[in-house]
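Engineer: This is the structure I want to talk about, given as structure tokens.
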Amino acid sequence: GVQGQVVLDRGYGMQVWAKPMADGSVAVALFNQRDSEMGGSVSWHEIGLDPGPATVRDLWLHEDTRHMDDGSYATRLQRDVPGHGVVMLRVTPQESG
């Protein structure tokens with residue numbers, strides 16, 4: 007399989023890692039290197055997905071997450087990450103139709 011890699015490093019303490027999965031989903035890790043909580047975001051383009059509806063699952067909480075604006079994800083995701091913490095997610099494009 008393909009190894010996960012850094013797809014975004016904004017230089018202020020937040021890295022985004024991504025790994026394409028065999029089923030077409032993408033595993034995403036948001037890594038906060040700072041002492042305090044910080045928001046991390048990534049677009050579908052940055053993790054190798056086309057724009058469109060997707061399900062975002064928190065792999066450690068074992069639950070699907072809801073977008074803060076309208077409950078759905080279409081082009082990007084954003085999550086708060088605790089200081090020196092990691093949030094692990096799986097982004098699965100939804101079938102159209």
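If you read the sequence shown in this note's numbering, its first letter stands for residue 7, the second for the next number, and so on. C-beta: ideal position from N, C-alpha, C; glycine also.
1. Between which residues of its own chain and N38 is the CB-CB distance below 8 Å, once the five residues before and five after are set aside?
2. According to DSSP, is E43 helix, strand or coil?
3. Looking at the structure shown, is E101 part of a helix, part of a strand, or coil, going by DSSP?
4. My guess is that D70 and V62 are in contact by the Cβ rule of under 8 Å, so how many angstroms apart are they, rounded?
5. In terms of residue numbering, what span does the beta strand (DSSP E) encompassing T106 cover?
6. What does a CB cutoff of less than 6 Å around K25 pick up in its chain, not counting 5 residues either side in sequence?
7. Could you check which residue in G17, V8, D29 and V13 has the C-alpha nearest to that of Q100?
Structural biologist: Walking through what the data contain:
1. G19, M20, M44, G46, V87, P88, G89, H90, G91 and V92
2. coil
3. coil
4. 7 Å
5. Only positions 7 to 103 of the chain appear in the structure, and residue 106 is not among them; the question remains open.
6. G10 and A33
7. D29
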